[in-house]
Amino acid sequence: MNLPGLRKGSIAVRLFWLSAAWLVVALIATGFLLTELYSRALDTSLSETLEFHVESLTGTILETGDPLSEDVRLPDPRFDRPRSGWYWMIRDASGNLVNLSTSVVGIDLPGISEPPNAMGVRTGVYEDVFGTEIRAIERTITLGPQTYRITVTGSLSEILRLVDQFRGQAFIVLGAVGAMLAIMSAIVARFALRPIDRLSDAIERVREGDSVGIEGAYPREIAPLAEEVNELLRSNAQIIERARNQVGNLAHGLKTPIAVLRNEAAARNGPLSQIVLAESEKMSTMVATYLERARLAARTSVVGKKADATMIMLRLTRVMRKIHPDVTIAFQRPDASLPWFRGDEADLEEMAGNLLDNACKWSKGQVGVRLSAERGQTGQSGTTLLVRIDDNGPGLSEEDAKKVLRRGVRLDEKTPGSGLGLDIVKELVDVYGGSLELKRSNLGGLCVELRLPTARVGGMTKSPQG
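If you use our numbering, the sequence shown corresponds to residues 10 to 475, in order.
Structure, rendered in C-alpha cells:
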C-alpha cells in the first residue's frame, strides 16, 4: 500500500506497519475465537435438541405405556431420511431393538460407554457405518417390570460444515475490516504527523530566507521543539553579532600598534629596521587576511538570505560594459525557472564581479556570461546555481590555473591589480560550500565555472528585463 505522505523511513510508515501487524494478529485471533464460539454454540444447540427429542420419546412412551405403539415417533423429518445421522431407537434391557426411526436402515448403533450423569443420561460422539460423525444421547426409563434404553443421535458433520463455512466467511469479513482499519490508521497517522511537516516547512522557509523564525501554533508535543529552534536562531544571531564586534575591535586594536612599528622602522636605517619593517608588513597582511575571513564567515553564517542571480548579473554586465567599452559582453539570459542564490547579494556581486572583471581585462574583446542550474551538487532541491564566464583571451594552462587561485599570485605583473581578486572569490566560495573551476573556453580563452547553493523563489519579484 502506497499512500501519499508515507515515505520510507518515516514515523508515519512505522506507525502504519506497526498498526497493520497488530491488526493482522488481532483479526486472526478474533476469527479463530469467533469460530470457536460459533462451534460451541452449535454443539450446545445440538445437545439441547437431542435432549428435547429424548424427553419427547420418554413422554410418549410413558403416556401410551407401550414402546411399540405407532404413536411413539418424532415429527422431525430428518429422522425419516436414511444416512442423515439423525436416528432414534429403543432397546430393552437385553439390548434388543424394540422400536426405531425410519432413518435407521441397516444400522446397528453401538451403545454409549461413558458413565451416566446425575440425571441418568449418557452422551458420546462416534461415527456411523457411513462415516458420518454423530453425537448420541441415551436415557434409561422403567415401564412396569421392563427397562428400556432410548438413544437419539444428531449429525455433528453438519455442524462441522457450518463451522467451516462460517470460518471462511468470517475471515473474508475480517480481512475487509482489517484493510479498512489499516487505511484508516495510515490516514490517522498522516494527519496526526501533519504538524511535523508544517514545522519542517517552517524551518525550510527560515533556511531559504522566506522567514526569520518559526511562526504558527503547534501541538504541545512539538511546540517545545519549535521554541528551541527559534531560541537557537536567536542565539546564533547573537553569537554572530558578538563575533562581528570582536572582529572590529581586534582590527582597531591591532591597527595602531602595527602602524607604529612600521613608521618607526621606516624612520631608521639598518638591518634591524629592515627586519621590523618586513615582519610588520607580514603581520599587517596576515591580520587583514584573517580579519577578512572572519568577516566573510560571520556574514555568510546568517540564515534567511537569498538573491536573484539574474538581476545581479544583468547589473554587473551593464557596469562592466561601461568600464570596458572595448569588450563585447554577451549575457545569455536564463528563463524564469532559474533558482536564486542562497546567500547575501553583496557576496554574489563580489564573486561574479571579480570574475567578470578579470575576464574583461584578459579578453581580446569578447566575453560570454551564462547562468544555469545543475543537479546533484548543492541546494535543497538537489540543484546548483552555475555562473559560467568565457573569454577569448590567452587562457591558462592547468598548472597556471592552480597557481592563480593562490593568495596574491599574479602571472602577469603588467596588468593592474593586487592579485587578491580570485583569492577573495575562492574564500567566499569555500564559505558557501560551492566550487570554482578554471578550464579552457570554447571561445579559445579561459572558462570560469562558479557553482553556488540555490534557494527557492518564494514571494520575490521577477528580475528586471535586460
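Backbone N, C-alpha and C fix where the C-beta goes; we use that ideal spot for every residue, glycine too.
Just so it is clear, the structure is predicted and the values come from calculations on it, not from any experiment.
Backbone CA spacing between residue i and residue j [nearest angstrom]
{"i": "valine 328", "j": "aspartate 353", "result": "20 angstroms"}
{"i": "alanine 30", "j": "proline 228", "result": "28 angstroms"}
{"i": "threonine 265", "j": "glycine 374", "result": "45 angstroms"}
{"i": "arginine 342", "j": "serine 220", "result": "29 angstroms"}
{"i": "isoleucine 248", "j": "glutamine 255", "result": "10 angstroms"}
{"i": "valine 114", "j": "leucine 106", "result": "13 angstroms"}
{"i": "arginine 92", "j": "proline 119", "result": "16 angstroms"}
{"i": "glutamate 147", "j": "isoleucine 168", "result": "20 angstroms"}
{"i": "aspartate 75", "j": "isoleucine 181", "result": "53 angstroms"}
{"i": "serine 244", "j": "glutamate 250", "result": "10 angstroms"}
{"i": "aspartate 317", "j": "proline 348", "result": "8 angstroms"}
{"i": "serine 103", "j": "alanine 185", "result": "59 angstroms"}
{"i": "arginine 324", "j": "phenylalanine 25", "result": "53 angstroms"}
{"i": "isoleucine 332", "j": "isoleucine 212", "result": "42 angstroms"}
{"i": "glycine 94", "j": "valine 34", "result": "38 angstroms"}
{"i": "alanine 297", "j": "leucine 27", "result": "60 angstroms"}
{"i": "asparagine 126", "j": "threonine 53", "result": "17 angstroms"}
{"i": "aspartate 356", "j": "lysine 412", "result": "23 angstroms"}
{"i": "serine 78", "j": "glutamine 155", "result": "15 angstroms"}
{"i": "glutamate 72", "j": "glycine 177", "result": "47 angstroms"}
{"i": "arginine 277", "j": "leucine 270", "result": "11 angstroms"}
{"i": "serine 110", "j": "arginine 170", "result": "24 angstroms"}
{"i": "phenylalanine 350", "j": "leucine 183", "result": "56 angstroms"}
{"i": "lysine 314", "j": "isoleucine 196", "result": "36 angstroms"}
{"i": "isoleucine 121", "j": "threonine 149", "result": "12 angstroms"}
{"i": "threonine 530", "j": "valine 457", "result": "For the chain, the structure presents residues 10 to 475; residue 530 sits outside this window and is missing."}
{"i": "glutamate 290", "j": "tyrosine 441", "result": "30 angstroms"}
{"i": "leucine 405", "j": "leucine 452", "result": "13 angstroms"}
{"i": "aspartate 366", "j": "leucine 259", "result": "32 angstroms"}
For residue j and residue i, believed in contact at Cβ under 8 angstroms, the rounded distance
{"i": "leucine 459", "j": "methionine 360", "result": "6 angstroms"}
{"i": "glycine 163", "j": "arginine 144", "result": "6 angstroms"}
{"i": "glycine 454", "j": "aspartate 400", "result": "4 angstroms"}
{"i": "serine 112", "j": "phenylalanine 88", "result": "5 angstroms"}
{"i": "alanine 274", "j": "leucine 286", "result": "4 angstroms"}
{"i": "alanine 345", "j": "valine 378", "result": "With a Cβ gap of about 18 angstroms, alanine 345 and valine 378 do not count as contacting."}
{"i": "proline 403", "j": "tryptophan 371", "result": "7 angstroms"}
{"i": "glycine 222", "j": "asparagine 239", "result": "5 angstroms"}
{"i": "threonine 393", "j": "threonine 326", "result": "About 21 angstroms separates the two Cβ atoms, so there is no contact after all."}
Contact set for residue i: own chain, Cβ-Cβ below 7 angstroms, skip 5 residues either direction
{"i": "leucine 202", "result": "Ile20, Ala21"}
{"i": "alanine 69", "result": "Strictly speaking, residue 69 in this sequence is threonine, with alanine absent from that position. Closer than 7 angstroms at the Cβ level, and outside the excluded window around threonine 69, lie Asp80, Val81."}
{"i": "alanine 179", "result": "Gly40, Leu43, Thr44"}
{"i": "isoleucine 116", "result": "Tyr96, Asp137, Val138"}
{"i": "alanine 198", "result": "Ala21, Leu24, Phe25"}
{"i": "arginine 90", "result": "Ser112"}
Sequence-distant residues of its chain with Cβ nearer than 8 angstroms to residue i (five each side left out)
{"i": "leucine 66", "result": "Val81, Leu83, Trp97, Ile99, Ile159, Val161"}
{"i": "isoleucine 231", "result": "Pro204, Ile205, Leu208"}
{"i": "serine 56", "result": "Thr132, Arg144, Ile146"}
{"i": "glutamate 123", "result": "Arg131, Thr132, Gly133"}
{"i": "leucine 32", "result": "Gly187, Leu190, Ala191, Ser194"}
{"i": "threonine 58", "result": "Gly163"}
{"i": "proline 473", "result": "Residue placement at proline 473 is poorly supported in this model, since its pLDDT is 37, which falls under 50; the coordinates are not used for a value here."}
{"i": "arginine 330", "result": "Val336, Ile338"}
Within-8 angstroms CB hit, residue i to chain D
{"i": "serine 48", "result": "This model lacks chain D altogether; it includes just one protein chain."}
Identity of the residues DSSP links to residue i by a beta bridge
{"i": "lysine 411", "result": "Answer by DSSP bridge pairing: none, since lysine 411 is not bridged."}
{"i": "threonine 106", "result": "Sequence inspection shows leucine at residue 106; the threonine mentioned does not correspond to that position. Answer is Arg100."}
{"i": "isoleucine 159", "result": "Ile99, Arg148"}
{"i": "phenylalanine 350", "result": "Ala316, Thr463"}
{"i": "cysteine 5", "result": "The displayed coordinates of the chain run from 10 to 475. Any statement about residue 5 would go beyond what the structure contains."}
{"i": "tyrosine 135", "result": "Ile143"}
Element boundaries [beta strand (DSSP E), containing residue i]
{"i": "aspartate 80", "result": "Taken as a continuous stretch (DSSP letters only), aspartate 80 belongs to no beta strand (DSSP E), as it is neither H nor E."}
{"i": "glycine 377", "result": "375-384"}
{"i": "valine 396", "result": "392-400"}
Boundaries of the alpha helix (DSSP H) in which residue i is found, first to last residue
{"i": "glycine 40", "result": "20-73"}
{"i": "asparagine 126", "result": "It is not in any alpha helix (DSSP H) - asparagine 126 carries neither H nor E in the DSSP assignment."}
{"i": "phenylalanine 340", "result": "No alpha helix (DSSP H) holds phenylalanine 340; the beta strand (DSSP E) holding it covers 337-341."}
{"i": "leucine 445", "result": "Looking at the DSSP string, leucine 445 is not in any alpha helix (DSSP H); the run it does join, the beta strand (DSSP E), is 444-449."}
{"i": "valine 182", "result": "165-201"}
Beta-carbon proximity list for residue i, same chain, < 6 angstroms, skipping 5 on both sides
{"i": "leucine 395", "result": "Ser381, Glu383, Arg460"}
{"i": "valine 438", "result": "Leu445"}
{"i": "serine 48", "result": "Val172"}
{"i": "isoleucine 37", "result": "none"}
{"i": "glutamate 142", "result": "Glu136, Leu165, Ser166"}
{"i": "alanine 368", "result": "Val376, Ile398, Asp400"}
{"i": "histidine 62", "result": "Leu83, Val161"}
{"i": "methionine 469", "result": "Only weak support is given to the placement of methionine 469: the predicted model assigns it a pLDDT of 41, under 50, and the question is left unresolved by the model."}
{"i": "arginine 5", "result": "Absent from the model: residue 5. The displayed extent of the chain is 10 to 475, so no value can be given."}
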